[in-house]
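Since the structure comes first, as C-alpha cells, the remarks are kept for the end.
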Amino acid sequence: MANTITSKIELNVELDENRVPEKLHWTAQDGGITNEEAKAMMLAVWDGKTQETLRIDLWTKDMPVDEMKVFFHQTLVAMSDTFNRATQDEKMTATMKDFCDYFAEKLELNK
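Position one of the sequence shown corresponds to residue 3 (my numbering), numbered consecutively onward.
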C-alpha cells in the first residue's frame, strides 16, 4: 500500500455585522503561501454523487469593479488552460480563448 500525503489549503474570511466579507486570507503551506490577503476568490468543487458543481464566490466590499473585471478575465483564461489540460480538446479550447479575447475587448482590458 502506498503512503498517502495530505495537503491543506485554508481560507479565512472576516465578515462585517451584515456577513459581508471585509478581509480574505489564504494559506497553502505546500505552495509557500502563509496567511496572504486576497480581495476575491472563486472555489468550485465537483460533487460526483450529485453530478454537480458546488461553488463559493466571495469578494471583499472594497474590491474595485475594474479589478473584478480583470479578475474574471484572468479566471476565464485560466479555466481555458485547465480545460485543455483536462480534456486535450483543442477545438473547444480555441473557442474558449476566442471568447476570452472578446471579453477583454468588450471590457477594454487590453488598452
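Each residue gets a CB set at the ideal place from its N, CA and C atoms; glycine is no exception.
Annotation for T77: M44 place their beta carbon closer than 8 angstroms to its own, counting only its chain and skipping 5 residues before and after. Beta-bridge annotation (DSSP): E54 is paired with D49.
For N86, the enclosing alpha helix (DSSP H) covers residues V67 to T89. The DSSP-derived three-state label of A4 is coil. By the criterion of a C-beta distance shorter than 6 angstroms, D59 is surrounded in its chain by M44, once the five residues flanking it on both sides are discounted. If the five residues before and after T36 are omitted, its C-beta is found closer than 7 angstroms to the C-beta atoms of T29, all from its own chain and listed in chain order.
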